[in-house]
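Have a look at the structure below before the remarks.
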Amino acid sequence: LFGNNHPIHIEIGMGKGQFLLTLAKKYPTINYIGIERYSSVLLRALEKLDSEEYEGLTNIRFICMDAADIADVFAPGEVSRIYLNFSDPWPKARHARRRLTSLDFFARYDKILTSDGTVEFKTDNRGLFDFSLEQLEECPSFATQKYTFDLHHEPDMNEGNILTEYEEKFSSLGNPICKLIAVRRA
Ligand code: SAM
């Protein structure tokens, strides 16, 4: 599709696409794919891509789909990085398996990520973040490499950080932003 063999990075639940479009412009030798369930939201990303600001950008595509089917769309080992930004919290316990950082989803990521692939997750929702750290403790295929409860005041992890739409909104309200990076277990 991209006509080259550059690494593929994807964002699941990309919303209006600000984060991924910014990355695509900054890193032309990475191919980016944004995944969003709602076409009405994805349309906003397409409109941005059509604008002058992103004119000529060839290293980004979007897919309108539910991420539950992600292993049917990507080949084994095809993706080098998965970004999850401000994922829906699904607060009810009976919906826990729908959270994008549940063990069920990590099993899907296991199928499509390269052997050195990573999952990077940001949120201001401390409950969802704690759940994600706990899931990674139990996860057979991935483990937490590093994490912070206050990304914007952690110079190491914050270096080169690209703000998402939700990150702009919630950090301007004073909410600390949590981030974790998960890597494959040795
Ligand atoms: N990542 C953006 C940001 O940080 O500004 C948007 C965050 S918004 C809270 C979460 C987005 O993820 C929504 O647009 C929602 O439709 C999408 N989403 C949630 N679950 C999804 C799934 N299973 N598959 C695809 N998209 C999903």
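Just so you know, the working numbering puts 179 at position 165 of the sequence shown, and the rest follows in order with no gaps. The beta carbon of each residue, even a glycine, is placed where N, CA and C say it ideally should be. The structure presented is a predicted model; accordingly, all values stated were derived computationally and were not measured.
For a cut-off of 8 angstroms, the C-beta gap from Arg199 to Ala157 is around 5 angstroms, short enough to register as a contact.
Rounded to the nearest whole angstrom, the CA to CA distance from Pro103 to Gly131 is 24 angstroms. Gly48 sits away from Leu71, with the two beta carbons spaced by 9 angstroms or more. In chain order, Thr128 place their CB closer than 6 angstroms to the CB of Gly91, counting only its own chain and leaving out the 5 sequence neighbours on each side. Rounded to the nearest whole angstrom, the CA to CA distance from Pro105 to Glu181 is 19 angstroms.
For Gly48, the enclosing beta strand (DSSP E) starts and ends at Asn45 to Glu50. Secondary structure remark: continuous beta strand (DSSP E) runs of at least 3 residues inside the stretch 99-186, in chain order: 127-137 and 156-162. For a cut-off of 8 angstroms, the C-beta gap from Arg108 to Cys192 is around 24 angstroms, too long to register as a contact. Among the bridge pairs identified by DSSP, Tyr97 is matched with Glu25 and Glu134. For Phe76, the three-state secondary structure derived from DSSP is strand. In this structure, the straight-line span from the alpha carbon of Leu150 to that of Asn73 is close to 31 angstroms. DSSP, read as helix, strand or coil, puts Lys30 in coil. In the structure shown, the three-state DSSP call for Ile84 is helix. A residue is called buried once 16 or more other Cβ atoms fall within 10 Å of its Cβ, and Phe100 is buried on that count. Leu37 and Ala59 have their C-alpha atoms some 13 angstroms from each other.
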